[in-house]
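Numbering (the numbering used here), first residue to last: 15 to 706.
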């Protein structure tokens, strides 16, 4: 998908949207800025990220480096890996696909103007072919030979103010293939032709300059057009307004933003539509049943504000929501329970909360209405009919006074500020009442099974994924699968769409793949991949999820022993591979301990020199492999700080990754440590593979 989008997330580094690669400006010659492209997907030519000598050393030391090592992609060229797969987008008739372009080789002759006019009429960004590098030059020579066009050929190139630019653009040329005798700085010869195939002077396929103004000179020519498809005007849903201009043509990867046309208390985050190969992504409703930031409850949308305001300001704030907006109306016990539960989730239960209610002539009405209230949940000491106390709030909790979550009357013009809750009418249309407003809901649930219930994503889920999250009647039901290798650990064996089940491997079985948490999808099937557990796995890799660049690094002269659940050796065997992610180059000694009581006995060690910036794997030679048994403990020692990437989790309340650490000035001292007196919460980027 990322390839199909042509680096669509990289427009911050390709602001013009021209081509498919991110780029930066390069300052050359003291005056000129040129674009330097970053060919991250190897569209133009394969390359190594690491120096060629480093790659050669790794390949020489490990015969399987290019097939099994995770860092093989840093030696893409040296390992002879293939380029990115070709794009399959169709080209115009008689054009052939070439990387991100479609190319036409003429077999007839034309003047330069005729050639340019023809090329520009053939498709998006039509122009003479731009030879940007050696790959392009070789490609051009090949198609000339294949088509048998043995004549001079117009290609893109135009001399302006002493610099060569691609024809009719402001893009400076950086690659040239001049023949030895051509003039490259004569304004009278400010265009470029490719030499014929046959040459007795060795100039085959070389470049020579030519007169741009000639109306009689004719040659063959090569055209290019963008291979990227386009989209027309986006289909905006009836409840949406396009943010910005509506263009007739959009390039692949372009985005448009659509906002809800109805006013809301919380400014909506605009919905996004993306131009893809298959057309625009679908957006059925810009508003959703509820705006972003609101939660659907029956036929109402509820917004709980964390900001404290006076009753008057809170009432004014809620009025701007439109759709019969007001402070939340507590209609029954369910509403009472709902608001109290959500206060707890938002950690607002320690403060009072303004709710709808106003005493007028001895009768309680819902605020901003003539609807009398019929449901009440007063605290025992509340002033129910005192005209001075003519507004309502929900009491904070917990409290020893017994008034938890009860109602208390207050002065409407009080300067006291509390959090508050608003309501508006839910917006049901034929577009959004029975289906999701976004086509990404099932993907979101697959990636994050708690998407519909996590407080960080619930408001978005309620606004756009009401069917996927089970907010509509008749939602799908999922049943927990039966397995002899794993067990359901959540209480309910049956859940509705958007709900989550959690599974764990049975005793004696080990995790080998799949998802421990799975959400219920719209079809009644659990999303994600079924958990895979094995009671006799031939090998296991432990801690691989920790391998990435983290916020901190390991300290100097420190031995750390990763003695916590999920990281100890899971099976009997030998450690055959170590993995790590380093922030800078340096020496690491991996350690293996066996614990008896409070004593740690060293079972083996392995030394490596780490390279920075990538996940590196280090296969241990068979003669150096250490035998391990279940519950053995791994660790590491670094004499210098800043090598291994690490997260310091000492600020977490659960502190689930508690490592035993000790100080050692030298590796000899480190190897002699048998006890650890200090506990440190840390997540180092270290992993290992144990094999039977």
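Using N, Cα and C, we set each Cβ at its ideal position, and we do this for glycine too.
Computed from a prediction, not measured in an experiment: that's the story for all the values here.
Return yes when the Cβ of residue j is within less than 9 Å of the Cβ of residue i, no when it is not.
| i | j | result |
| --- | --- | --- |
| residue 516 | residue 503 | yes |
| residue 700 | residue 637 | no |
| residue 368 | residue 432 | yes |
| residue 163 | residue 222 | no |
| residue 657 | residue 624 | yes |
| residue 479 | residue 492 | no |
| residue 376 | residue 399 | yes |
| residue 495 | residue 536 | no |
| residue 143 | residue 169 | yes |
| residue 316 | residue 437 | yes |
| residue 299 | residue 251 | yes |
| residue 602 | residue 646 | no |
| residue 579 | residue 83 | no |
| residue 566 | residue 661 | yes |
| residue 263 | residue 297 | no |
| residue 138 | residue 290 | no |
Who are residue i's beta bridge partners in DSSP?
| i | result |
| --- | --- |
| residue 177 | 174 |
| residue 601 | 623 |
| residue 288 | 269 |
| residue 548 | 524 |
| residue 244 | 265 |
| residue 325 | Answer is none; residue 325 lacks a bridge partner. |
| residue 518 | 501 |
| residue 9 | Summary: the structure shown does not reach residue 9, with the chain confined to residues 15 through 706, and so no result is reported for it. |
| residue 510 | 491 |
Assuming residue i and residue j are in contact, meaning their beta carbons sit under 8 Å apart, how far apart are those beta carbons, in whole angstroms?
| i | j | result |
| --- | --- | --- |
| residue 425 | residue 403 | 6 Å |
| residue 546 | residue 705 | Not a contact, Cβ separation roughly 18 Å. |
| residue 560 | residue 673 | No, residue 560 and residue 673 are not in contact; Cβ-Cβ is about 12 Å, not under 8 Å. |
| residue 166 | residue 209 | 7 Å |
Under three-state DSSP, which class holds residue i?
| i | result |
| --- | --- |
| residue 634 | coil |
| residue 645 | coil |
| residue 492 | strand |
| residue 558 | helix |
| residue 439 | strand |
| residue 144 | coil |
| residue 353 | helix |
| residue 98 | Its pLDDT being 41, under 50, residue 98 is placed unreliably in this model, and the value from its coordinates should be taken loosely. In the structure shown, residue 98 sits in coil (DSSP, three-state: anything other than H, G, I, E or B). |
| residue 372 | strand |
| residue 297 | strand |
| residue 529 | coil |
| residue 202 | helix |
| residue 397 | coil |
| residue 682 | helix |
| residue 688 | coil |
| residue 693 | strand |
| residue 673 | strand |
| residue 44 | In this predicted model, residue 44 has a pLDDT of only 47, less than 50, meaning its place in the structure is not dependable; the value taken from the coordinates is given anyway. Residue state, collapsed to three classes: coil. |
| residue 156 | helix |
| residue 151 | helix |
| residue 499 | coil |
| residue 87 | helix |
| residue 333 | helix |
| residue 133 | helix |
| residue 700 | strand |
| residue 225 | coil |
| residue 79 | helix |
| residue 317 | strand |
| residue 109 | coil |
Please name the residue, chosen from the options, that lies closest to residue i on a Cα-to-Cα basis.
| i | options | result |
| --- | --- | --- |
| residue 604 | 576, 597, 613 | 576 |
| residue 513 | 427, 685, 167, 533 | 533 |
| residue 394 | 422, 120, 622 | 422 |
| residue 551 | 226, 583, 197, 147 | 583 |
| residue 374 | 346, 559, 149, 405 | 405 |
| residue 236 | 274, 157, 261 | 157 |
| residue 378 | 364, 348, 344 | 344 |
| residue 688 | 209, 616, 648, 124 | 616 |
| residue 659 | 562, 93, 299 | 562 |
| residue 133 | 106, 224, 193, 172 | 106 |
| residue 671 | 581, 202, 596 | 581 |
| residue 231 | 246, 115, 238, 207 | 207 |
| residue 509 | 522, 148, 483 | 483 |
| residue 79 | 655, 692, 631 | 631 |
| residue 141 | 176, 173, 112, 183 | 183 |
Nearest chain D C-beta to residue i closer than 9 Å, yes or no?
| i | result |
| --- | --- |
| residue 84 | Although the question refers to chain D, the structure presented lacks it and comprises just one protein chain. |
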